[in-house]
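Comments concern the structure below.
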Amino acid sequence: MQEIIAFWLTEQGLPTAYSSLGVSIIGLVLILLFCSISFYIAKNYVLLFIHKLTIASKNTWDDLLFDHQVFSRISLLVPLVLLLLLTPLLVNTDSLLATVLIVFAKIGLCFQIARSISSVLNVINSLYRQTASERYLPLNSTLQVIKLVVYLVASILAVSLVLDRSPLYLLSGLGALTAVLILVFQDTIKGLVASIQISANKMVAPGDWIELPKYGADGDVIEIGLNTVKVKNFDNTVTTVPTYALTSGSFKNWRGMLNSGGRRIKRAIVIDVRSIKFYSQEQLEALKSVQLISNYLAEKQAEIKKETAQAISKAPLTAATINTRQLTNIGTFRAYISAYLKQHRNVHHEMTCMVRQLPATEVGLPLELYFFSNDQSWVNYEAIQADIFDHLYAAAPLFDLRVFQHPSGHDWHSSKVSADA
Numbered sequence: 040m041q042e043i044i045a046f047w048l049t050e051q052g053l054p055t056a057y058s059s060l061g062v063s064i065i066g067l068v069l070i071l072l073f074c075s076i077s078f079y080i081a082k083n084y085v086l087l088f089i090h091k092l093t094i095a096s097k098n099t100w101d102d103l104l105f106d107h108q109v110f111s112r113i114s115l116l117v118p119l120v121l122l123l124l125l126t127p128l129l130v131n132t133d134s135l136l137a138t139v140l141i142v143f144a145k146i147g148l149c150f151q152i153a154r155s156i157s158s159v160l161n162v163i164n165s166l167y168r169q170t171a172s173e174r175y176l177p178l179n180s181t182l183q184v185i186k187l188v189v190y191l192v193a194s195i196l197a198v199s200l201v202l203d204r205s206p207l208y209l210l211s212g213l214g215a216l217t218a219v220l221i222l223v224f225q226d227t228i229k230g231l232v233a234s235i236q237i238s239a240n241k242m243v244a245p246g247d248w249i250e251l252p253k254y255g256a257d258g259d260v261i262e263i264g265l266n267t268v269k270v271k272n273f274d275n276t277v278t279t280v281p282t283y284a285l286t287s288g289s290f291k292n293w294r295g296m297l298n299s300g301g302r303r304i305k306r307a308i309v310i311d312v313r314s315i316k317f318y319s320q321e322q323l324e325a326l327k328s329v330q331l332i333s334n335y336l337a338e339k340q341a342e343i344k345k346e347t348a349q350a351i352s353k354a355p356l357t358a359a360t361i362n363t364r365q366l367t368n369i370g371t372f373r374a375y376i377s378a379y380l381k382q383h384r385n386v387h388h389e390m391t392c393m394v395r396q397l398p399a400t401e402v403g404l405p406l407e408l409y410f411f412s413n414d415q416s417w418v419n420y421e422a423i424q425a426d427i428f429d430h431l432y433a434a435a436p437l438f439d440l441r442v443f444q445h446p447s448g449h450d451w452h453s454s455k456v457s458a459d460a
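Sequential numbering of the sequence shown, starting at 40, is according to my numbering.
This is how it looks when you write it as structure tokens:
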């Protein structure tokens, strides 16, 4: 081919001294022209035809090949292969231009093949996410390690082509740089070990809700990578956390709550101690109209009547005194809360449900409610919690109890009006 071009240039009147340069220029132009045409055909005709076949097929996995640009990256191999094949035919192999073009084509092929392999690995990862029943296999981290190795091999081959040395020669030199390589890739090594530990111990998986206050992460895990874990927070921001931080530190995983079927509610109502008192018989009769505690009151009154009769028979002179058993408004309110929670349709009745007194503080006596809602959705959970405590705050005055709060301007104004009256 070079002789044909040289003969044609001679016929056109080009001096023999410039024949070699002319052959190189025309050869370069022809190479670039053929490579451009081949890339245009591959991208605009071949890829379009393959895309139509993909759309027509009933499979879904072949759509991922286009989503991850597998065919697009493979199409770039066509002009590089033509560049490698046409250069010896159209350009003098002993010239610097031919050497540069061949080296460029080989380096391009190395990295383009690496990019194509990376795209195929992305397809495998996407298929795994769609079909895998077990989420704890560290496939994403493993694929990232494979990508790293592929690109490392491509880089070594590229350097060996530029230096015109065997790749084994470079690999032997890397052995002396082991300490440096470990220092450079220490995060990658720690991330790989951490991802294996995470999957082996089933510590966290994509989709889990985790909290890492140290890194400001509070949301769902969307990706566990070789070096980082991406957490989508509830404000739609994304926090990136080092993978090894999940094994070197502590974090909270809410997966157990989601799998249990219930979500805990643990809040207290603080009662003003000065409003706690014994009930009179008239007050107890009035409370019997409250259906949730009518049976409770009847049972307690029967027990108290029996114990009081026994006490009087033993000591007739000391009839009903403060030492005898009596019902209090806070105890009755506690029984009412328990009955209310047990009949509530949004309370998980197979999990712990109790109302307990906490030690009194300077602000009053806390009544803590400890139970689980049967709806784990955040919005519904907050609504259930609010509805229950709305009811209990409104019901407290029916038991002659005051819920504690620090005095406000309204309290001062009300007390002043009462004093003036």
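Note that the Cβ used here is the ideal one computed from N, Cα and C, for glycine as well.
Residue 204 lies in the alpha helix (DSSP H); which residues open and close that run?
Here residue 204 refers to the residue found at position 165 when the sequence shown is read from its first residue. Taken as a continuous stretch (DSSP letters only), residue 204 belongs to no alpha helix (DSSP H), as it is neither H nor E.
Quick one: Cα of residue 105 to Cα of residue 273, how far?
Position 66 of the sequence shown, counted from the first residue, corresponds to residue 105. Position 234 of the sequence shown, counted from the first residue, corresponds to residue 273. Those two C-alpha atoms are separated by around 32 Å.
Count the other C-beta atoms from every protein chain shown that fall within 10 angstroms of the C-beta of residue 433, then say buried if there are 16 or more, exposed otherwise.
Taking the sequence shown and counting its residues from 1, the one referred to as residue 433 is at position 394. It counts as exposed.
According to DSSP, simplified to helix, strand and coil, what is residue 127?
Start at 1 with the first residue of the sequence shown, and residue 127 comes out as number 88. Three-state result, residue 127: helix.
Rounding to the nearest angstrom, what Cα-Cα distance links residue 301 and residue 387 in this structure?
Working through the sequence shown from its first residue, we reach residue 301 at position 262. Working through the sequence shown from its first residue, we reach residue 387 at position 348. The C-alpha of residue 387 is placed about 6 Å away from the C-alpha of residue 301.
Please give me, in chain order, every unbroken run of the alpha helix (DSSP H) with length at least 4 that falls completely inside the stretch 244-309.
284-287, 294-299
Give me the residue from 346, 368, 363, 319 with the minimum Cα distance to residue 332.
Position 293 of the sequence shown, counted from the first residue, corresponds to residue 332. Measuring from the Cα of residue 332, the nearest candidate turns out to be 368.
Assign residue 358 to buried or exposed, taking buried as 16 or more other Cβ atoms, counted over all protein chains shown, within 10 Å of its Cβ.
Against the sequence shown, residue 358 aligns to sequence position 319. Confidence in residue 358 is poor, its pLDDT being 48 and thus under 50, which makes the residue's placement too unreliable to answer from.
Does the pairing of the stretch 410-417 with the stretch 376-387 give three or more beta-carbon distances under 8 Å?
yes
Mapping the DSSP letters down to three states, classify residue 181 as helix, strand or coil.
Locating residue 181 in the sequence shown gives position 142, where the first residue counts as 1. Of the three classes helix, strand and coil, the one that applies to residue 181 here is helix, per DSSP.
Would you grab the beta carbon distance between residue 237 and residue 285 for me? Rounded to a whole angstrom, and I think it's under 8 Å.
As a first step, residue 237 is located in the sequence shown; it is residue number 198 there, counting from the start. As a first step, residue 285 is located in the sequence shown; it is residue number 246 there, counting from the start. Contact holds; Cβ gap of about 6 Å.
Taking the C-alpha atoms as reference points, what is the distance between residue 444 and residue 293?
Mapped onto the sequence shown, residue 444 falls at position 405. Mapped onto the sequence shown, residue 293 falls at position 254. Going from the Cα of residue 444 to the Cα of residue 293 covers about 33 Å.
Distance, Cα to Cα, residue 345 vs residue 393?
By one-based count along the sequence shown, residue 345 stands at place 306. By one-based count along the sequence shown, residue 393 stands at place 354. When rounded, the distance between both Cα atoms is 28 Å.
Residue 153: buried (16+ other C-beta within 10 angstroms of its C-beta) or exposed?
For this step, residue 153 is matched to residue 114 along the sequence shown. Residue 153 should be labelled buried.
Looking at the strands, I want to know which residues DSSP matches up with residue 390.
Walking along the sequence shown from the start, residue 390 turns up at place 351. Its beta-bridge partners do not exist; DSSP assigns none.
Please work out which residues of its chain come closer than 8 Å, Cβ to Cβ, to residue 139, disregarding the five sequence neighbours upstream and downstream, and give them in chain order.
Position 100 of the sequence shown holds residue 139. A distance below 8 Å between beta-carbons, with the five flanking residues on each side excluded, links residue 139 to no residue of its chain.
Reducing DSSP to helix, strand and coil, say where residue 523 ends up.
Past the boundaries of the shown model lies residue 523; the chain is included only from 40 to 460, so the question cannot be answered.
Specify, as a first and last residue, the run of the alpha helix (DSSP H) that residue 159 falls within.
Here residue 159 refers to the residue found at position 120 of the sequence shown. Start and end: 135-170.
In its own chain, which residues sit with a C-beta less than 6 Å from the C-beta of residue 271, not counting the 5 before and 5 after it?
Within the sequence shown, numbered from 1, the residue matching residue 271 stands at position 232. Answer for residue 271: 258, 259, 261, 277, listed in chain order.
Just to confirm, are residue 228 and residue 291 a CB contact at a threshold of 8 Å?
As a first step, residue 228 must be located in the sequence shown, where it is residue number 189. As a first step, residue 291 must be located in the sequence shown, where it is residue number 252. Not a contact, by the Cβ cut-off of 8 Å.
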